[in-house]
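I have placed the structure first, in the form of structure tokens, so that the comments after it can refer back to it.
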Amino acid sequence: MTDPNNEPPTKDVENTYISPANDPKNMQEVTQYVQSLLQNMQDKFQTMSDQIINRIDEMGTRVDELERNITDLMTQAGIENEK
Numbered sequence: 001m002t003d004p005n006n007e008p009p010t011k012d013v014e015n016t017y018i019s020p021a022n023d024p025k026n027m028q029e030v031t032q033y034v035q036s037l038l039q040n041m042q043d044k045f046q047t048m049s050d051q052i053i054n055r056i057d058e059m060g061t062r063v064d065e066l067e068r069n070i071t072d073l074m075t076q077a078g079i080e081n082e083k
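As structure tokens, this is what we get:
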């Protein structure tokens, strides 16, 4: 049995194919689209990277505050800081 999806390409299909060299306007549009897409992806990546870095900085600040508070509590309780 022959699978209709495995038929060889016909001349009609070959005749409708336009090579990129014959259609520079279309190729230029594709290039611009891809460049725009890549720029948008880069912008989103940069935004997410900045957000992550800011959150890490905030977390570092909170850890420092927590460390100071624990040290203060230990001092108030009369326990010496052993590091």
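Here the UniProt record's numbering is used: the first residue of the sequence shown is 1, the next is one more, and so on. Just so you know, even glycine gets a beta-carbon here, dropped at the ideal spot from N, CA and C.
Checklist entry - What's the C-alpha gap between Gln35 and Asp43? => result Taking the sequence shown and counting its residues from 1, the one referred to as residue 35 is at position 35. Taking the sequence shown and counting its residues from 1, the one referred to as residue 43 is at position 43. Each residue's alpha carbon lies about 12 Å from the other.
Checklist entry - Which value, in whole angstroms, describes the spacing of the CA atoms of Asp64 and Gln46? => result Counted from its first residue, the sequence shown places residue 64 at position 64. Counted from its first residue, the sequence shown places residue 46 at position 46. So the two alpha carbons sit approximately 27 Å from each other.
Item to check | Spatial neighbours of Thr72 in its chain, beta-carbon cut-off 6 Å, leaving aside the 5 residues before and after | outcome: Residue 72 sits at position 72 when you count from the first residue of the sequence shown. Reading off the sequence, residue 72 comes out as Asp, not Thr. So no residue of the chain qualifies.
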